[in-house]
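Undergrad: These protein sequence lines map, in sequence, to chains C and U.
My numbering numbers the first residue of the first sequence as 138 and each following residue consecutively.
My numbering numbers the first residue of the second sequence as 7 and each following residue consecutively.
Glycine included, C-beta positions come from ideal geometry on N, C-alpha and C.
It should be emphasised that the depicted structure is a prediction, and the values quoted were computed from it without experimental measurement.
Quick one: the structure is below, and I'll ask about it shortly.
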Amino acid sequence: MPRIVVMFTEIDTVTLDEPVAERPALKPWRTKKRIRGKPVNKADGSCETRTEWVSHVRRIRDAQDQAAFAELFQHFAPRIKAFLIKSGSDAALAEECAQEVMATLWHKAHLFDPTRATVATWVFTIARNKRIDVLRKQRRPEPEDLGWGPEAEPEQDNVIALQQETAQLRNAIAALPEAQRELIEKAYFGDLSHREIASATGLPLGTIKSRIRLALDRLRHAMN
Amino acid sequence: MMSNDIKHHLTDDLLMAYAAGTLPEAFDLMVATHLSLCDHCRARAESFEAVGGCVLQDQDATASMSDSSLAATMALIAQGAPAAKPARPGCSVLPAPLQDYVGGGVNDIKWRSIGMGVKQAILPTTREATARLLFIPAGAAVPDHSHNGIELTMVLQGAFSDEVDHFARGDVEIADEDLHHTPTADISEDCICLAVTDAPLKFNKLMPRLFQPFLRI
Ligand SMILES: [Zn+2]
């Protein structure tokens with residue numbers, strides 16, 4: 138079965154808090170035609186800079202390359218630590234967890250699939266799972282493996298397309314109005330529910346939900 | 007296991023919160039189970055993970071690591087990878103995340119009767135929300151019931167219909183406090199569902215309610 142790659146596709150689904158009819162019609166931005174040799178979206182920068190962390194992970198996978206790991210560590214460990222502190226951890230625990238997240242990256246390098254995630258996204262998911270395990274003390278159910286796993290050497294075009302689209306998403310997030318970007322960050326980093334964000338920011342729940350929805354609409358628009 | 011016939015998917019709210027890692031465990035279990043069957047929502051969930059990756063990259067401040075942290079991490083790595091989870095034998099009804107909570111396949115579910123042929127099995131999750139498997143005999147109706155909060159129901163085997171629509175394997179019905187419905191299993195097969203609610207389950211309240219058949223009819 139071919140993989141379906143659809144990012145942020147809006148579908149007709151019941152929402153938790155408002156009728157479907159009130160929602161604007163949105164187009165999917167990743168019903169993908171990934172034509173060989175023709176990246177779908179344009180993005181700034183060269184392919185080398187955008188895929189560099191991918192080759193670092195490959196060097197770890199193929200050659201247990203400690204120099205590549207040290208560079209990844211220098212870039213990502215302080216970000217993981219900051220993320221965990223924002224999520225309510227003290228500095229000592231965050232430091233310990235950041236080390237464990239980076240060790241997991243080493244051990245799972247063979248499972249990284251650059252056609253489905255950038256290294257930053259992958260690191261985020263490992264750090265998120267560590268937070269759920271250590272700070273929230275709950276299990277993290279993960280979806281069943283797709284069965285085929287990452288291919289030994291996936292199509293370079295697919296790797297580049299995914300990296301480009303994520304770069305585009307990153308630019309779109311950076312371009313969000315301050316109030317919307319802050320709420321997105323809180324939703325991911327604060328480890329807060331909408332309700333808790335409401336009491337932390339003093340904003341009513343409805344405003345928070347509509348701002349996050351507006352932010353998502355903008356991101357979808359930017360990806361079209 | 008993937009199905010292209012799923013009509014009722016998860017919302018952006020749920021997928022984003024799953025990607026962010028802020029849902030109660032029972033809801034994580036619902037999302038992981040749906041994503042095991044639905045490539046469409048899996049791709050959407052990956053988009054929301056990509057948002058998390060971008061936010062991680064572009065934090066306004068980072069937290070510096072101690073000088074010895076790289077060496078400490080290399081020492082951790084030298085201890086070797088943690089043992090991988092043993093693979094479970096396949097089950098045509100329960101996707102892998104549910105098998106982990108049941109401790110086996112569909113034949114290992116420890117059902118308890120709640121009356122009228124309907125059975126349930128509570129799954130072990132944190133207490134902020136409750137996950138349970140429901141067994142509805144072919145053709146039987148679950149008495150009209152209201153919910154204390156949000157209730158998500160996903161079909162794993164068979165199908166059911168209610169006042170809203172028809173739900174088959176992989177479909178998720180999202181019900182709030184205001185929905186009063188009478189799910190009725192299709193006649194062709196016993197129906198097994200995963201149901202998750204954000205209100206803690208109150209046995210003494212739920213049981214009598216289910217024992218009062220057709221109270222609202
Ligand atoms: Zn779906």
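Report whether the distance from the Cβ of Leu299 (chain C) to the nearest heavy atom of ligand 1 is below 7 Å.
TA: The count along the first sequence starts at 1 and reaches residue 299 (chain C) at position 162. The answer is no for Leu299 (chain C).
Undergrad: Can you confirm whether Gln275 (chain C), when its beta carbon is compared against all beta carbons of chain U, has any partner nearer than 8 Å?
TA: For the purposes of this step, residue 275 (chain C) is identified with residue 138 of the first sequence, where counting begins at 1. Judged by the 8 Å Cβ criterion, Gln275 (chain C) is in contact with chain U.
Undergrad: What does the shell around ligand 1 hold, if a residue joins when its beta-carbon is under 6 Å from any heavy atom?
TA: Cβ-based neighbours of ligand 1 within the cut-off: U:Ile12, U:His15, U:Leu16, U:His40, U:Cys44, U:His46 and U:Cys47.
Undergrad: So, under 8 Å CB-CB, Asp196 (chain U) and Ala165 (chain U) are touching, yes? Tell me the CB distance rounded to an integer number of Å.
TA: The sequence position of residue 196 (chain U) within the second sequence is 190, counting from 1. The sequence position of residue 165 (chain U) within the second sequence is 159, counting from 1. The pair is not a contact, with the Cβ atoms about 11 Å apart (cut-off 8 Å).
Undergrad: I need the straight-line Cα distance from Lys245 (chain C) to Lys267 (chain C), nearest angstrom please.
TA: One-based indexing of the first sequence puts residue 245 (chain C) at position 108. One-based indexing of the first sequence puts residue 267 (chain C) at position 130. Those two C-alpha atoms are separated by around 14 Å.
Undergrad: Compare the C-beta of Ile83 (chain U) against all C-beta atoms of chain C and say whether one is closer than 8 Å.
TA: The count along the second sequence starts at 1 and reaches residue 83 (chain U) at position 77. Closer than 8 Å to some Cβ of chain C, the Cβ of Ile83 (chain U) qualifies, so yes.
Undergrad: Quick one: list the residues of chain U neighbouring Glu279 (chain C), beta-carbon separation under 7 Å, in chain order.
TA: Within the first sequence, numbered from 1, the residue matching residue 279 (chain C) stands at position 142. Those are Ala38 and Pro103, listed as they occur along chain U.
Undergrad: Using a Cβ distance threshold of 8 Å, determine whether the segment 205-215 of chain C contacts the segment 44-54 of chain U, with at least three qualifying pairs required.
TA: With the cut-off at 8 Å, the segment 205-215 of chain C and the segment 44-54 of chain U do not touch.
Undergrad: Given this structure, state the Cα-to-Cα distance separating Asp294 (chain C) from Gln301 (chain C), to the nearest angstrom.
TA: As a working note, residue 294 (chain C) is residue 157 in the first sequence. As a working note, residue 301 (chain C) is residue 164 in the first sequence. Taking the straight line from one Cα to the other gives about 10 Å.
Undergrad: Determine the chain C residues that contact Gln63 (chain U) at a beta-carbon separation under 8 Å, and present them in chain order.
TA: Taking the first residue of the second sequence as position 1, residue 63 (chain U) is located at position 57. By Cβ distance, chain C contributes Arg216, Ala257 and Arg307.
Undergrad: Quick check on Ser74 (chain U): does DSSP put it in helix, strand or coil?
TA: As a first step, residue 74 (chain U) must be located in the second sequence, where it is residue number 68. Three-state result, Ser74 (chain U): coil.
Undergrad: Could you round the C-beta distance between Ala235 (chain C) and Met71 (chain U) to whole angstroms and report it? I think they count as a contact, below 8 Å.
TA: As a first step, residue 235 (chain C) is located in the first sequence; it is residue number 98 there, counting from the start. As a first step, residue 71 (chain U) is located in the second sequence; it is residue number 65 there, counting from the start. That belief holds up - the Cβ atoms of Ala235 (chain C) and Met71 (chain U) are roughly 7 Å apart, short of 8 Å.
Undergrad: Identify the contact partners of Pro324 (chain C) in chain U, using a Cβ-Cβ distance below 8 Å as the criterion.
TA: Residue numbering aside, residue 324 (chain C) sits at position 187 when the first sequence is read from its first letter. A small correction: the amino acid at residue 324 (chain C) is Ala; Pro does not occupy that position in the sequence shown. Those are Met22, Ala23, Ala26 and Thr28, listed as they occur along chain U.
Undergrad: Val124 (chain U) and Ala90 (chain U): beta carbons closer than 8 Å?
TA: As a working mapping, residue 124 (chain U) is identified with position 118 in the second sequence. As a working mapping, residue 90 (chain U) is identified with position 84 in the second sequence. Contact: no.
Undergrad: Does DSSP classify Ser194 (chain U) as helix, strand or coil?
TA: In the second sequence, residue 194 (chain U) corresponds to position 188, counting from 1. Correct three-state label for Ser194 (chain U): coil.
Undergrad: When DSSP labels each residue in this structure, what does Ser275 (chain C) get in the three-state scheme?
TA: Taking the first residue of the first sequence as 1, we reach residue 275 (chain C) at position 138. At residue 275 (chain C) the sequence reads Gln, which differs from the Ser that was named. Of the three classes helix, strand and coil, the one that applies to Gln275 (chain C) here is coil, per DSSP.
Undergrad: Could you spell out where the beta strand (DSSP E) holding Lys125 (chain U) opens and where it closes?
TA: Start at 1 with the first residue of the second sequence, and residue 125 (chain U) comes out as number 119. Unbroken beta strand (DSSP E) run through Lys125 (chain U): Lys125 to Leu129.
Undergrad: What does the Cβ neighbour count give for Gln317 (chain C), buried or exposed, with the cut at 16 atoms within 10 Å?
TA: Indexing the first sequence from 1 puts residue 317 (chain C) at position 180. Gln317 (chain C) should be labelled buried.
Undergrad: Would you please state the rounded distance, in angstroms, between the beta carbons of Val37 (chain U) and Thr136 (chain U)? I believe it to be under 8 Å.
TA: Against the second sequence, residue 37 (chain U) aligns to sequence position 31. Against the second sequence, residue 136 (chain U) aligns to sequence position 130. Their Cβ separation, rounded to whole angstroms, is 15 Å, which puts Val37 (chain U) and Thr136 (chain U) out of contact at 8 Å.
Undergrad: What residue from C:Leu342, C:Ala335, C:Gln305 and C:Lys323 has the CA that sits closest to Ala359 (chain C)'s CA?
TA: The residue given as residue 359 (chain C) occupies position 222 in the first sequence. Of the candidates C:Leu342, C:Ala335, C:Gln305 and C:Lys323, the one whose C-alpha sits nearest the C-alpha of Ala359 (chain C) is C:Gln305.
Undergrad: How long is the line joining the alpha carbons of His212 (chain C) and Glu322 (chain C), rounded to whole angstroms?
TA: Along the first sequence, one-based indexing puts residue 212 (chain C) at 75. Along the first sequence, one-based indexing puts residue 322 (chain C) at 185. Their Cα atoms are separated by approximately 20 Å.
Undergrad: Does the CB of Cys60 (chain U) have a neighbour CB from chain C at under 8 Å?
TA: Within the second sequence, numbered from 1, the residue matching residue 60 (chain U) stands at position 54. Yes - at least one Cβ of chain C is within 8 Å of the one on Cys60 (chain U).
Undergrad: Going by other Cβ atoms of all chains shown within 10 Å of its Cβ, with 16 needed for buried, is Ala257 (chain C) buried or exposed?
TA: Along the first sequence, read from residue 1 onward, the residue named residue 257 (chain C) stands at position 120. Ala257 (chain C) comes out buried.
Undergrad: If the criterion is Cβ atoms closer than 8 Å, does the pair Ala4 (chain U) and Asp11 (chain U) meet it?
TA: The displayed coordinates of chain U run from 7 to 223. Any statement about residue 4 (chain U) would go beyond what the structure contains.
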